[in-house]
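Each residue of the sequence shown is one higher than the one before, counting from 1 in the UniProt record's numbering.
C-beta atoms are modelled at their ideal positions from N, C-alpha and C, and glycine is treated no differently.
Please read these numbers as outputs of a predicted model, since none were measured by experiment.
As structure tokens, the structure follows; a few thoughts come after it.
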Amino acid sequence: MGSTKPTIKIDITSDTMCPWCFVGKRHLETAMKDFESTFEFDIEWKPFLLNSNTPEEGIPVLEYLAQRYGQQVADDARNGTSSLIAAGRKVGLNFDSNRKFVNSIRSHCLLDYARTEKKQNQLAELLFQRYFIDGNNINDVKVLLDCAKEIGLKAEEAKKSLQDKERRKKIIEEAKVATQNQIHGVPHFVISLIGDQHGKAMPLHGCQPIEMFRRVFTSIKGRMI
């Protein structure tokens, strides 16, 4: 028998290169645990490209931070004194500062395929782990296929998804649409109750605190009474 619990749909626009998206995922999951007896949750990851022109070989992340945000930001990351490092530690994440900032389109292609197999959220978690914690290059085909294998995706289909030019175009176009819809940074969440004809979807921009997600879920629960 299927679940009779109502389902909350959560669309997350994100880039696999975005560390705040990983922290935001942890905050969301913590809040979800408080409501798992009330709701089912359907999470869909949508693509955003922080830098679609990143070279294939990648850029050392500290170098990228200096170029994009200034030397002080890079120094804070190197010294472990940035707000990101502190936020990560609070939720048990220790970011590898020796990783490279790489082109993320391939990883988005794999995520797009994983959605069709109902394993997208599982893959998103693994990609974040491999990249931010282990320092792996998630633009590397072997790394991506290893991730696909680990969560039980079909090897041939996963490989095809990485070679699919139409899927690549789709990812780039969806990322452009996100920008056109005034999403200029990530993570970006849209939370709605499936089948709710009266309640509006709730957009949340940025790495929201746990309490914000709790408030949204509480509000949705209140509308059901």
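Within the DSSP secondary-structure output, Asp11 pairs in a beta bridge with Glu44 and Val190. Secondary structure at Pro55: coil, using DSSP grouped into helix, strand and coil.
One thing to note: Val143 has its Cβ within 8 Å of the Cβ of Arg130. Asn139 counts as buried, since at least 16 other C-beta atoms from the protein chains shown sit within 10 angstroms of its C-beta.
The C-beta of Ala114 has 16 or more other C-beta atoms within 10 Å across all chains shown, which makes the residue buried. Assignment of Pro203 by DSSP, reduced to helix, strand and coil, places it in the strand class.
In this structure Asp96 is exposed. Its beta-carbon is surrounded by fewer than 16 other beta-carbon atoms within 10 angstroms. Boundaries of the alpha helix (DSSP H) around Gly222: Ile210 to Arg223.
Buried is the label assigned to Thr13, since at least 16 other Cβ atoms lie within 10 Å of its Cβ. Residue burial is scored here from C-beta neighbours: Lys100 has at least 16 other C-beta atoms within 10 angstroms and is therefore classed as buried. For Cys18, there is no enclosing alpha helix (DSSP H), as DSSP marks it with neither H nor E.
Residue range Ser83 to Lys90 is occupied by the alpha helix (DSSP H) that includes Gly88. For Tyr69, the uninterrupted alpha helix (DSSP H) run begins and ends at Val61 to Tyr69, by DSSP. Judged by DSSP secondary structure, Asp146 falls within the alpha helix (DSSP H) whose first and last residues are Val141 to Glu150. Residue pairing by DSSP places Lys100 opposite Pro60 in a beta bridge. In terms of Cα proximity to Glu63, the closest of Gln71, Ala87 and Glu56 is Gln71.
Taking a contact as a CB-CB distance under 8 Å, the pair Phe41 and Pro6 does not count as one, their CB atoms being some 10 Å apart. In this structure Trp45 touches Ala124 by the C-beta definition: roughly 5 Å separates them, less than 8 Å.
For Lys118, the number of other beta carbons within 10 angstroms of its own is below 16, and it is reported as exposed.
Here His27 carries a helix assignment [DSSP, helix/strand/coil].
In this structure, DSSP gives Gln120 a helical state, which the three-state scheme calls helix. His184 sits exposed, since fewer than 16 C-beta atoms from the chains shown fall within 10 Å of its C-beta.
Between Thr179 and Met202, the alpha-carbon positions lie close to 18 Å from each other. By the C-beta density criterion, Ala86 is exposed, having fewer than 16 other C-beta atoms within 10 angstroms.
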